[in-house]
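To start, the structure under review is shown below, and the notes come after it.
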Amino acid sequence: MDEGLVSVDKFSGGSQAYFLTHLHQDHTRGLGAAAGWRHGPLYCSPVTARLLPTRFPGVDASLIRPIAAGASASLSLTSPISGRTVSLHVTALPAIHCPGTPPAPN
Ligand SMILES: [Zn+2]
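Put into structure tokens, the structure is as follows:
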């Protein structure tokens, strides 16, 4: 995929869409920018969307796009290299990672 389209757990800018897998500190670099954060739409789980404004009050809440586990979102981006439209279809999966998440059935 071209540079400048999406960033995952990296929020320093330069992308058109951002994905936050969860709120652990090593996944949120750049979200606490003193001047606020408004680089683009930020996709995350509904739980993360609820907690995000408390942890990072500088994030523009209008950019937060929760996706429930199993739900999908379609994104239309523009390649900064070719100028072409790039269509993405993403589906959120539970990572079974954060404390409090029940283990997956075997
Ligand atoms: Zn973690």
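In short: position in the sequence shown from 1, add 1374, done, that's our numbering.
Here a beta-carbon is modelled for each residue, glycine too, at the ideal position from N, C-alpha and C.
{"Asked": "Reference Pro-1420, options Val-1460, Phe-1385, Gly-1414, Ser-1446, closest by Cα", "Found": "Ser-1446"}
{"Asked": "Backbone CA spacing between Pro-1427 and Gly-1406 [nearest angstrom]", "Found": "11 Å"}
{"Asked": "His-1396: CB within 7 Å of a non-hydrogen atom of ligand 1", "Found": "yes"}
{"Asked": "In chain order, each alpha helix (DSSP H) run of at least 4 residues that lies wholly inside the segment 1408–1478", "Found": "1420–1429"}
{"Asked": "Proximity test, Val-1471 beta-carbon vs ligand 1 heavy atom, cut-off 7 Å", "Found": "Sequence check: residue 1471 is His here, not Val. Flag set: Cβ of His-1471 near ligand 1."}
{"Asked": "Beta strand (DSSP E) segment containing Phe-1393, residue limits", "Found": "1391–1393"}
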